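Asks: Per my numbering, the sequence shown runs over residues 99 to 532. Using N, Cα and C, we set each Cβ at its ideal position, and we do this for glycine too. Keep in mind that this is a model prediction, so the values were computed, not measured.
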Amino acid sequence: MNGLMFLIGILVFVLGLLFSIAWHELGHYSTARMFGVRVPQFMVGFGPTIWSRHGKETEVGIKAIPLGGYIRMIGMFPPGDDGKVRKRSTSPFRGMIEDARAAAFEELRPGDEKRLFYTRKPWKRVIVMFAGPGMNLILAVGIFLGVLMGFGVNTQTTTVASVSQCVIEASEGNRDCRDSDPSAPAAAAGLKPGDVIVGFNGERIEDWSTLQQRIRATTGEATITVERDGRTETLHADLIPNQVPKTDGDGGYVAGEYVTAGFLGFSPASGIVRQDFGQAVERMGDIMVDGVQALIDIPSEIPGLWNAATGQEEREQDSPMGVVGAARVGGEIFTLDIPASQQIATALFLVAGFNLSLFLFNMLPLLPLDGGHMAGALWESLRRNLAKVLRRPDPGPFDVAKLMPVAYVVAAVFICFTLLVLAADIVSPVSLTG
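(1) Excluding the five sequence neighbours on either side, which residues of its own chain have a C-beta within less than 6 Å of the C-beta of ARG314, listed in chain order?
(2) Only counting the same chain, and skipping five residues up and downstream in sequence, which positions put a Cβ closer than 6 Å to that of VAL158?
(3) If we call anything under 8 Å between Cβ atoms a contact, is SER307 one with ALA284?
(4) Between the Cα of VAL245 and the Cα atoms of GLY125, GLN440, TRP477, which residue gives the shortest distance?
(5) Between which two residues does the alpha helix (DSSP H) holding LEU454 run?
(6) For the segment 348-372, which segments carrying the beta strand (DSSP E) assignment without a break, of at least 3 residues, lie completely within its bounds, in sequence order?
(7) Would you mind reading off the limits of the alpha helix (DSSP H) that contains THR516?
(8) Measuring only the C-alpha atoms, how far is ILE394 from ALA407?
(9) Quick one: what's got a C-beta closer than 6 Å to ALA320's C-beta in the same chain, skipping five residues either side?
(10) For the beta strand (DSSP E) holding ASP336, just list the boundary residues, first then last.
(11) Using the beta-carbon count (16 or more within 10 Å), is ASP293 buried or exposed?
(12) Just checking, does the segment 100-116 make contact with the segment 125-137 on the three C-beta pairs under 8 Å criterion?
(13) Pull up the distance between the alpha-carbon of TRP121 and that of LEU235, whole angstroms please.
(14) For THR256 versus GLY369, is the C-beta spacing smaller than 8 Å?
(15) Please return the same chain residues whose Cβ sits closer than 8 Å to the Cβ of ARG372, not counting the five positions on each side in sequence.
(16) Determine the DSSP secondary structure at PRO400, reduced to helix, strand or coil.
(17) In whole angstroms, what separates the C-alpha of ALA443 from that of ARG482?
(18) Measuring only the C-alpha atoms, how far is MET194 from GLU155?
(19) Which residue marks the beginning of the alpha helix (DSSP H) containing THR129, and which one marks its end?
(20) Rounded to whole angstroms, what's the CA-CA distance from LEU237 to ALA450? Just pull it up for me.
Laid out in structure tokens, this is it:
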């Protein structure tokens, strides 16, 4: 049964991946058509075509390798300085430029002279190139909000899971109580497992993060309002300073770091809690910040990925994953011993994270990424406006094709990184169960 559920999980992720790619390309396609650019091809995947259909102007299809997609627009790059598309030069770098230029004019038809991408105003080209990753961002935000507000997430609550019987410094670990250890304030106050803390020192408490902050900021006498067996009771505790794990401000802890703060002495229970709109937006913001940081940290992750791929050390569980690794995690989600609703929610979170990564990665101002084309259009706009202010001749369209040698280097680096991640995903995959 687990094997079947694992395969179902992989299938769900692959379908989510294909939809995300098609959704991305739909953004490019719809805005290109809106601005009158002819689009002869709309493909999901790379490699051999396994299905396609020819419309009036566009061939739509699916290719064998679901690692990306593309639309082909007529006139992505302007012709050469003499207005012509030359044949390939003997210079390797010039050859790259001319190959890209020639590809941009493939399938040119009568009347297409007014439907070339490079002839559109820079702001229109920025919209066309941003529309792809922008669609991924919209999908990611929609899924994140839907999951957080509709399904809820596993969150520490104000319900008491267990009560400490004595005071132990956090750095001493989970040792047993000794006769010399003082009693924990929670136990002395009569706090019991199952109690729901709804107030602290007269202030209503609705979430664990707020309660944690209030406890840590308090030493001495305090009142604790709890709901127990359908009744509301007020307990009196005498909080003491103790060494506790450093908090990250959101209810979690910073590993290996400690502070001295007010101590009550209980562990909160976890549960599935639906977030309101404000909480969902705040949590989604944290996810996006983490995504940006993960993108910045990619170069520093390469040594660890290499060591994992070559079997020299264990894979870090928060290291970058490729499509293969994410598909494996997608399969693992459906084998977890959690409610079906949470399996679906977790799978949706995985797809949303993939879309967020697509957005962030494609916004890098490097060719052949969408951000590189956007940067070229913005640079063209800047220099044309500057020429107008300085009353100089119009410099004309910026020839992004001249940057194709750089694009090939970026693509080569990306391919090498993708292969490294693939090797790590196979040799030492990330696992939800560790």
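Replies: Working from what's here:
(1) Take ARG314, set aside five residues on each side of it, and the residues of its chain with a beta-carbon closer than 6 Å to its own are ALA359, GLY360, in chain order.
(2) Here the set comprises PHE140, ARG151.
(3) For the 8 Å CB-CB criterion, SER307 and ALA284 do not form a contact.
(4) Restricting attention to GLY125, GLN440, TRP477, the CA atom closest to the CA of VAL245 is found in GLN440.
(5) Note, LEU454: alpha helix (DSSP H), 438-460.
(6) The qualifying runs are 351-361, 364-371.
(7) THR516 -> alpha helix (DSSP H) spans 502-525.
(8) In a straight line, the C-alpha of ILE394 is about 21 Å away from that of ALA407.
(9) Excluding sequence neighbours, ALA320 sits near ASN299, ALA335, LEU337.
(10) Start and end: 329-345.
(11) Buried, since its Cβ has 16 or more Cβ neighbours within 10 Å.
(12) Fewer than three beta-carbon pairs drawn from the segment 100-116 and the segment 125-137 are found closer than 8 Å, and the two stretches are therefore not classed as touching.
(13) Between the C-alpha atoms of TRP121 and LEU235 there is a straight-line separation of about 11 Å.
(14) Their beta carbons are not under 8 Å apart, which means THR256 does not touch GLY369 by this criterion.
(15) Contacts found: LEU246, MET247, GLY248, PHE249, GLY250.
(16) Sequence check: residue 400 is Ile here, not Pro. Here ILE400 sits in helix by DSSP.
(17) Going by the C-alpha atoms only, they are around 49 Å apart.
(18) Summary for MET194: the model assigns pLDDT 49, below 50, so the residue's position carries little reliability; its value from the coordinates is reported in the next sentence. MET194 and GLU155: Cα-Cα distance of roughly 28 Å.
(19) Run containing THR129: 100-132, per the alpha helix (DSSP H) assignment.
(20) In a straight line, the C-alpha of LEU237 is about 7 Å away from that of ALA450.
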